[in-house]
Amino acid sequence: MDCHGSHATQKGSAPDAKSNKLHIAETCSKCHDKIAKEYAGSVHGAALAAGNLDAAACTDCHGEHDILKRDDPRSRVAARNLSSQTCSPCHGSISLSSKYGLASDRFKTFTDSYHGLALTGGSLAVANCASCHGSHGIRRSSDPASTVNKANLAATCGKCHPGANERFSVGAVHASETAPAEQPILYWLSFGYIALIVLIIGGMLLHNALDFVKKARRKLKIRYGELPEERAGCEVYPRMSLNERWQHGALVASFFALVITGFMLRFPDAWWVKGIRLLSDRAFNLRSLIHRVAAVVMVLAGVYHACYCAFTGRGRGLVRDLFPKLKDLKDPIAYVKYNLGLAKVKPKFGRFSYIEKSEYWALVWGTFIMAATGVIMWFNDFFLGLVTKLGYDIARTIHYYEAWLATLAILVWHLYFVIFNPDAYPVNLAFWKGTLTEAEMLEDHPLELEEIKRRKG
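According to this note's numbering, the residues represented by the sequence shown are 1 to 457, in order.
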């Protein structure tokens with residue numbers, strides 16, 4: 001009776017029906033007068049009052065007969081569901097966006113943002129659409145009274161980010177890496193990184209494929225007696241000290257923790273992420289904590305390693321032997337020619353070849369970049385007010401693509417040479433035992449072996 005009337009009940013399609021879309025707000029106002037007045041001044045309320053039936057009415061967001069309180073997790077306007085179930089049907093619609101000249105990517109850019117990814121991942125303490133735009137009094141961003149008007153963004157952001165200032169509004173709220181007209185720097189940064197990843201990882205794959213085929217064929221020929229097996233002594237040679245193995249262990253543990261927890265945020269709907277989320281309701285909060293702890297461990301390991309290299313004789317020798325030389329530019333060409341059968345003699349490597357050196361210095365560079373951009377995102381309240389929203393988006397873009405570059409480099413380059421390389425399979429145990437056999441030294445570090453034997457006389 002309160003909604004439909006008593007004796008004069010009509011179908012919702014009837015022009016005078018209380019449940020007709022044009023009269024819904026008036027009907028609801030009998031109990032929700034304050035909210036109805038707020039809605040009447042909104043962009044939705046004004047459009048509906050003008051007869052536009054595409055505009056959202058109360059029932060479009062709250063439902064009709066199944067209205068639930070917003071703190072009910074099943075409610076369409078619950079914090080977890082609002083963006084995906086209530087806002088996206090209209091603001092993710094291509095047809096409605098085209099009809100009214102609105103941007104059709106607003107829901108996608110939201111879901112790709114930290115807020116959207118965290119929300120999908122299970123966080124309830126993160127902003128949804130209503131947190132910024134409001135709920136019943138939504139206005140155009142060009143309206144001076146709008147919560148997302150440029151002049152009001154500092155106050156709006158300040159509700160969650162204490163100390164927000166006008167720099168928070170420098171940049172796009174809905175940042176996109178695929179829209180060169182809106183955010184050219186993000187577009188070209190993304191484009192450049194993708195091209196770099198394809199070039200570097202593609203080159204690594206090709207290099208390793210040639211290496212694998214060459215070594216696998218040699219192994220098969222030895223097995224079938226077509227080539228004699230090389231004889232080597234039984235002596236073992238030091239490769240990594242106990243100190244260096246502990247450093248390596250800290251690096252490995254922190255790296256893979258960062259990879260897993262980082263991509264958990266970026267791909268919250270991935271099958272393996274859903275499996276982890278099912279383990280605990282606090283999975284998202286734990287993900288965030290583990291990511292930060294792992295980042296601190298990696299940075300501390302890097303600082304310790306820098307001190308080790310600066311203040312110990314072995315450390316200084318490590319850097320000296322890892323420092324790039326002219327030979328490291330010639331060796332890759334010679335090695336590829338050897339693997340292609342264009343050269344009969346394999347180039348000889350010392351303690352570290354271009355394979356280890358490129359990985360080591362990429363790690364140094366990557367750690368600096370990831371730490372710097374990670375700090376900006378971790379302490380976002382401070383840095384948004386310093387480097388602007390655009391600066392934050394640049395840091396976030398770099399962090400994401402550097403993560404891909406580092407992860408793929410480890411999988412394609414490092415793991416190949418310590419696991420899938422036919423000469424190392426099933427695994428090179430130097431990281432555990434700290435030593436290499438004479439056969440391994442002859443194959444991978446013959447110049448170092450010659451130097452060791454020369455020193456022994």
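Cβ atoms here follow ideal geometry from the backbone N, Cα and C, with glycine treated the same way.
- Approximately 6 Å separates the beta-carbon atoms of Leu340 and Leu210; this is inside 8 Å, confirming the contact.
- In the structure shown, the three-state DSSP call for Val236 is strand.
- Excluding sequence positions up to five before and after Arg245, its CB lies within less than 8 Å of the CB of Phe431, Trp432 and Gly434, all in the same chain and listed in chain order.
- Annotation: the region 118-196 contains the following complete segments of the alpha helix (DSSP H) (minimum length 4 residues), in chain order: 129-133 and 153-158.
- In this structure Arg217 is exposed. Its beta-carbon is surrounded by fewer than 16 other beta-carbon atoms within 10 angstroms.
- In chain order, Asn421, Pro422 and Asp423 place their CB closer than 8 Å to the CB of Lys215, counting only its own chain and leaving out the 5 sequence neighbours on each side.
- Where Leu436 is concerned, the enclosing beta strand (DSSP E) starts and stops at Thr435 to Thr437.
- Counting only unbroken stretches of 3 or more residues, the beta strand (DSSP E) elements lying wholly within the region 206-257 are 236-238, in sequence order.
- The beta carbon of Tyr360 is closer than 7 Å to those of Leu322 in its chain, skipping five residues each way along the sequence.
- Counting only the Cα atoms, Glu177 lies some 43 Å from Ser19.
- With fewer than 16 other Cβ atoms from the protein chains shown falling within 10 Å of its own Cβ, Phe379 counts as exposed.
- A check of alpha carbon separations from Asp105 across Cys87, Ala118, Gly121 and Thr120 identifies Cys87 as the nearest.
- In the same chain as Gly158, and ignoring 5 residues on each side of it, the C-beta atoms closer than 7 Å to its own belong to Ala164, in chain order.
- A distance below 7 Å between beta-carbons, with the five flanking residues on each side excluded, links Ile369 to the following residues of its chain, in chain order: Ile398 and Glu402.
- Straight-line spacing of the CA atoms in Gly41 and Cys58 works out to 14 Å.
- For the pair Ala295 and Ala253, the Cα-to-Cα distance works out to about 11 Å.
- The alpha-carbon separation between Glu64 and Lys21 amounts to approximately 11 Å.
- Take Arg287, set aside five residues on each side of it, and the residues of its chain with a beta-carbon closer than 6 Å to its own are Thr261 and Met264, in chain order.
- As for any alpha helix (DSSP H) of minimum length 4 sitting wholly inside the region 264-314, the runs are 271-277 and 283-311, ordered along the chain.
- Around the CB of Ile94, fewer than 16 other CB atoms lie within 10 Å, so the residue is classed as exposed.
- Tyr100 has its alpha-carbon roughly 31 Å from the corresponding atom of Ile394.
- Boundaries of the alpha helix (DSSP H) around Leu390: Asn380 to Ala409.
- Excluding sequence positions up to five before and after Cys61, its CB lies within less than 7 Å of the CB of Arg76, Val77 and Thr86, all in the same chain and listed in chain order.
- DSSP, read as helix, strand or coil, puts Asn428 in coil.
- Phe284 and Pro73 have their C-alpha atoms some 17 Å from each other.
- Distance from Ala127 to His115 at the Cβ level is roughly 5 Å; contact confirmed, criterion being Cβ atoms closer than 8 Å.
- DSSP places Arg320 in the helix class (H, G or I) of the three-state scheme.
- The straight-line gap separating the alpha-carbon atoms of Lys30 and Asp112 is approximately 39 Å.
- Secondary structure of Leu340 (DSSP, three-state): coil.
- Nearest Cα to Leu326 within the set Ser353, Val303, Leu300 and Arg316: Ser353.
- Between the region 133-148 and the region 38-56 there are three or more inter-stretch CB-CB distances shorter than 8 Å, so the stretches are counted as touching.
- If you look at Val43, you'll find it in the alpha helix (DSSP H) that goes Val43 to Ala49.
- For Glu64, no alpha helix (DSSP H) run applies, since DSSP gives it neither H nor E.
- Leaving aside the five residues that flank Lys389 on each side, the residues in its chain whose CB is nearer than 8 Å to its CB run, in chain order, Arg167, Phe168, Ser169, Val170, Gly171, Ala172, Val173 and Ala175.
- Per DSSP, the continuous alpha helix (DSSP H) segment holding Ser95 begins and ends at Ile94 to Tyr100.
- Secondary structure of Leu68 (DSSP, three-state): coil.
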